[in-house]
Each structure stands twice: as C-alpha cells, then as structure tokens.
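Numbering (full-length UniProt numbering), first residue to last: 1 to 256.
Below is one structure, written out as structure tokens; comments come after it.
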C-alpha cells in the first residue's frame, strides 16, 4: 500500500501538505526543512523541483526557484540529496515540477530514481491527461508512484471525473484560476469545494493556492480532506538561517 493511501486511511481530515522548493533557501537546506516539517506535524511534503519557466507559480515561488537554481540545484542533485531520506523521513513525499526538465532527464529514469529514493508520488501540471494515459501511465505504475492531477473551478464535471479516474493518492483542487500566493474569495472557494464533494470522487481532495495560515487552512479543510500551503511557507523561509526553527514554528502556527 502506498504511503499516501495509508495516510488517508488513517486520517481523512485536516491533512496538511507543505510545499517547499528543493535547494531553497540554501542548496543543502532541503532535508533539514523536510525533517522539521515532519517533526512539527505536517502530513505530506510536496517538494518542488526548481525550474526557470514555471507554469502557475506566483512571484514568491518563482523567486525561490531562481535562488535554488543559482544555488546549483538540479534533478540529479536532488536525487542525490534524497538518497538517505527514508532513514529520517517517514511521511509521504511528492515531487512537483514541470515536464520539460523531467523529459530532459528521461521520464523512466526520473520515475525509477524517484522510487529508488522513496518518493511516493508526482505532480506534473503541464503533462496533459491524454499523453499521460497513452504514454506515461504505465511507467508511473511500473515504479509504484502515485500521480496527482489538478482541477480548477472552471474544470467541467466530466473532466473532473476523468482526472479523478487517472489520479491516485489525491486530487489537487486549485482554489481559483490564478497563480500561487494570491488571496482568494473564500466564500467562492467553499462553494467550489462543496460542488467537488457532491461528485463523490474516488480520491481524497486537497486544496491549494491561497492557503496561507490557520484560518484559511481551517476553512479549506472544513470542505475537503485538507490543504496545501506553499507561498506563505516560502516567504517564512526567506532570509532565514535557522530553517528548522522557522519550519517548526510555521507548521505549529497553522495547526494551532
């Protein structure tokens, strides 16, 4: 059973997924940040692979990618850092990134290396579902990885059901059609989440984009299985030397 499936069988609500950019704020801060997130109560870690041409990332996450790339982070370097991850990290870890660098690295090589170091799933927002189903799904399944698709308020019910069928682990509900890190009209977000819930989908739903603190996490989690926080955490790390303390304080503030 995958770590994500096991997590959702044990805990169906208030799941906290924290996004962090690999190699940010320092090249070797990835594992210390992950360890502190786990110790302070995060349920899932979403590890962003820095890329120079991001898809839906707002200014904060874009800047963290620039810093991480300048620090020297690469896909090969990330897998090297994650080689002994499972001696210290037991919660699910998901890699999120764009398809171009993954294709450059080699899709099967990427999945194999991810599985070898103990990664549980992948989020590649610009990999279209048709290409995934025809070409890449068997490779992902071969290495026992979950694959998570994103849906937005504008996604039709038919497409939501298709993406839910193709996903495993959970379905990523983007709270609104904008980039990461923007404030949202939470009344509209709550109506959207209630609509998704009415579809009775096979996967749990985690909400991302615009979730930043205890209040927004609690409101999102009331209408879903939990939420994903990225930009607010990246902002908290900016310019900080003690990344472990910052990570612990951030998670505690969100959960309490």
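The C-beta atom is built at its ideal place from N, Cα and C for all residues, glycine as well.
Please return the same chain residues whose Cβ sits closer than 6 Å to the Cβ of residue i, not counting the five positions on each side in sequence.
{"i": "residue 190", "result": "223"}
{"i": "residue 219", "result": "186"}
{"i": "residue 221", "result": "14, 227"}
{"i": "residue 105", "result": "75"}
{"i": "residue 211", "result": "217, 220, 227, 229"}
{"i": "residue 60", "result": "181, 231, 234, 235"}
{"i": "residue 207", "result": "173, 175, 220, 224, 227"}
{"i": "residue 127", "result": "99"}
Whose C-beta lies closer than 8 Å to the C-beta of residue i among residues of the same chain, with five residues either side of it excluded?
{"i": "residue 111", "result": "122, 139, 140, 142, 143, 145"}
{"i": "residue 243", "result": "25, 26, 29, 32, 33, 36, 237"}
{"i": "residue 72", "result": "23, 27"}
{"i": "residue 263", "result": "Past the boundaries of the shown model lies residue 263; the chain is included only from 1 to 256, so the question cannot be answered."}
{"i": "residue 12", "result": "204, 225"}
{"i": "residue 199", "result": "157, 160, 161, 164"}
{"i": "residue 53", "result": "98, 100"}
{"i": "residue 245", "result": "36"}
{"i": "residue 256", "result": "214"}
Let me check one thing: in DSSP terms, what residues is residue i bridge-paired to?
{"i": "residue 21", "result": "48"}
{"i": "residue 226", "result": "15, 206"}
{"i": "residue 7", "result": "DSSP lists no partner for residue 7."}
{"i": "residue 174", "result": "208"}
Going by C-alpha to C-alpha distance, which of the options sits closest to residue i?
{"i": "residue 117", "options": "149, 76, 248, 225", "result": "76"}
{"i": "residue 252", "options": "79, 233, 171", "result": "233"}
{"i": "residue 38", "options": "254, 248, 239", "result": "248"}
{"i": "residue 7", "options": "120, 103, 239, 62", "result": "120"}
{"i": "residue 148", "options": "156, 169, 157", "result": "169"}
{"i": "residue 239", "options": "64, 173, 193, 104", "result": "64"}
{"i": "residue 132", "options": "155, 152, 154, 108", "result": "108"}
{"i": "residue 136", "options": "91, 102, 70", "result": "102"}
{"i": "residue 174", "options": "158, 192, 159, 157", "result": "192"}
{"i": "residue 45", "options": "200, 3, 196, 58", "result": "3"}
{"i": "residue 250", "options": "41, 206, 208, 69", "result": "41"}
{"i": "residue 157", "options": "128, 197, 130", "result": "197"}
{"i": "residue 195", "options": "209, 208, 210, 160", "result": "160"}
{"i": "residue 171", "options": "188, 154, 201", "result": "201"}
{"i": "residue 91", "options": "70, 43, 246", "result": "43"}
In chain order, what residues of the same chain have a beta carbon less than 7 Å from the beta carbon of residue i, not counting five sequence neighbours either side?
{"i": "residue 254", "result": "16, 213, 214, 217, 229"}
{"i": "residue 81", "result": "30, 31"}
{"i": "residue 67", "result": "24, 25"}
{"i": "residue 89", "result": "34, 35, 38"}
Nearer than 7 Å: is that true of the beta carbon of residue i relative to any heavy atom of the ligand ATP?
{"i": "residue 166", "result": "Summarising the ligand content, the structure contains no ligands, and the ligand ATP is consequently not present."}
Closer than 8 Å is the cut-off here; do at least three beta carbon pairs connect the region 152-166 with the region 18-32?
no
Check whether the region 43-51 touches the region 92-110, counting contact only when three or more Cβ pairs, one atom from each stretch, lie closer than 8 Å.
yes
Curious, which full-length beta strand (DSSP E) runs of at least 3 residues does the region 78-161 contain?
93-96, 121-123
May I ask you to verify whether the region 71-88 touches the region 31-47, counting CB pairs closer than 8 Å and requiring at least 3?
yes
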